[in-house]
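Engineer:
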Amino acid sequence: MQTHRDVNKGAWTVEEDAKLAEVIAIHGAKRWNTIAAKAGLNRYGKSCRLRWMNYLRPNIKRGNISDQEEDLILRLHKLLGNRWSLIAGRLPGRTDNEIKNYWNSHLSKKIKQQLKEKDSGGSSGRLGFAADQKRRASRDDVKKMVEVKRSEENTNSTICNFNIEEEEEDHSIMGFNMDDFFDFSNEDPLKLEWISRFVQL
DNA sequence: AAAGAGTCCAACCGCGACCAG
DNA sequence: CCTGGTCGCGGTTGGACTCTT
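Count along the first sequence from 1, add 215, and you get the number used in this note's numbering.
#1: Assign PHE391 to one of two classes, buried (16 or more other C-beta atoms within 10 Å of its C-beta) or exposed (fewer than that).
#2: Considering just the uninterrupted stretch of the alpha helix (DSSP H) at ASN316, what are its terminal residues?
#3: Starting from LEU291, trace the alpha helix (DSSP H) both ways and give me its first and last residue.
#4: Keeping to the same chain, check which residues put their C-beta closer than 7 Å to that of TRP227; ignore five residues upstream and five downstream.
#5: Closer than 8 Å is the cut-off here; do at least three beta carbon pairs connect the segment 297 to 316 with the segment 269 to 276?
#6: For ASN274, which of helix, strand or coil comes out of DSSP?
#7: Name the residue from SER323, LEU295 and ILE280 whose alpha carbon lies nearest to the alpha carbon of LEU306.
#8: If you draw a straight line from the C-alpha of GLN328 to the C-alpha of ASN248, how long is it?
#9: Check whether the Cβ atoms of ALA251 and GLY243 sit closer than 8 Å, and answer yes or no.
#10: Once the 5 residues before and after GLY255 are set aside, which same chain residues still bring their CB inside 8 Å of it?
#11: If I follow the unbroken alpha helix (DSSP H) through ASN248, where does it start and stop?
#12: Note down the Cα distance separating LYS293 from PRO273, rounded to an integer number of angstroms.
#13: Within its chain, find whatever has a CB closer than 8 Å to the CB of ASP232; leave out the 5 residues flanking it on each side and keep chain order.
#14: Determine the DSSP secondary structure at VAL238, reduced to helix, strand or coil.
And the structure:
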């Protein structure tokens, strides 16, 4: 019987990658514990899923993040906060893990630097960086966002019953669903003009 | 050349959501 | 309802690599 201790953790070998890919090609990318067993991998299903999603999956784009992608990440992060999977969903071929790493190693520093420069220009009472990084779209942000998206769409939307003057803090009880709102799956990647406008606001 | 500091990223962990039985 | 299995997410860690002194 396999114990917790026996399970292989750590870096994946080429052989393990090949076995995993082979089993997924046959059985599909689901039931990860079964896949791990079928592949004869001494790993948890969870580990297999992560390896597949972040490394082995077809159409994974590896290598440098382009300026255009970086710009989009910055805009979406400003809008969504640390919702990496949502952000990754707007960047074809990029994974949430990759974007999260890129943010933590590159962009957070960049923004920190920009804030420093701003602060030295006389502003006071700003949120700390840590708080800023954890920031989610604020109430005012959401108001503006809805207005911009409405004007962009000029049509019925899933948020048509949202009352902008509502005083509740919790967005989930403001008459619309934040996750639905941030589901951009029907919009053209890299062309979210309304987001750009909102961020400019 | 060596050692310590800093950077990067693959992978793990814990938690919550979802769903079938 | 409850429970156990599964999945997906965001935070964190570990170690390899690079840079600096």
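For glycine and all other residues, C-beta sits at the position ideal for the given N, C-alpha and C.
All of these numbers come straight from a predicted model, not from anything done at the bench.
Structural biologist: On the basis of the coordinates in this document:
#1: The residue given as residue 391 occupies position 176 in the first sequence. Because PHE391 sits at a pLDDT of 41, beneath the cut-off of 50, its placement in the model cannot be relied upon, and the following sentence gives the value as read from the coordinates. So PHE391 ends up on the buried side.
#2: Taking the first residue of the first sequence as position 1, residue 316 is located at position 101. 311 to 317 is the span of the alpha helix (DSSP H), which, as asked, contains ASN316.
#3: Translated into positions along the first sequence, residue 291 becomes position 76. Counting along the chain, the alpha helix (DSSP H) containing LEU291 begins and ends at 282 to 295.
#4: One-based indexing of the first sequence puts residue 227 at position 12. The residues are ARG266.
#5: yes
#6: Taking the first residue of the first sequence as 1, we reach residue 274 at position 59. Looking at ASN274 - three-state DSSP - the assignment turns out to be coil, as it is neither helix nor strand.
#7: Indexing the first sequence from 1 puts residue 306 at position 91. Minimum Cα distance to LEU306 is reached at ILE280.
#8: As a working mapping, residue 328 is identified with position 113 in the first sequence. As a working mapping, residue 248 is identified with position 33 in the first sequence. Rounded to whole angstroms, GLN328 to ASN248 spans 44 Å at the Cα level.
#9: Along the first sequence, read from residue 1 onward, the residue named residue 251 stands at position 36. Along the first sequence, read from residue 1 onward, the residue named residue 243 stands at position 28. It is not a contact, given that the beta carbons lie outside the stated cut-off.
#10: Position 40 of the first sequence holds residue 255. Within the same chain, GLY255 has close Cβ partners LYS234.
#11: Your numbering for residue 248 matches position 33 in the first sequence. 247 to 253 is the span of the alpha helix (DSSP H), which, as asked, contains ASN248.
#12: In the first sequence, the residue the question calls residue 293 occupies position 78. In the first sequence, the residue the question calls residue 273 occupies position 58. Looking at the two C-alpha atoms, the distance is approximately 29 Å.
#13: What you label residue 232 is simply residue 17 of the first sequence in a count that begins at 1. Closer than 8 Å at the Cβ level, and outside the excluded window around ASP232, lie ARG266, TYR270 and LEU271.
#14: Working through the first sequence from its first residue, we reach residue 238 at position 23. Note: VAL238 maps to helix in three-state DSSP.
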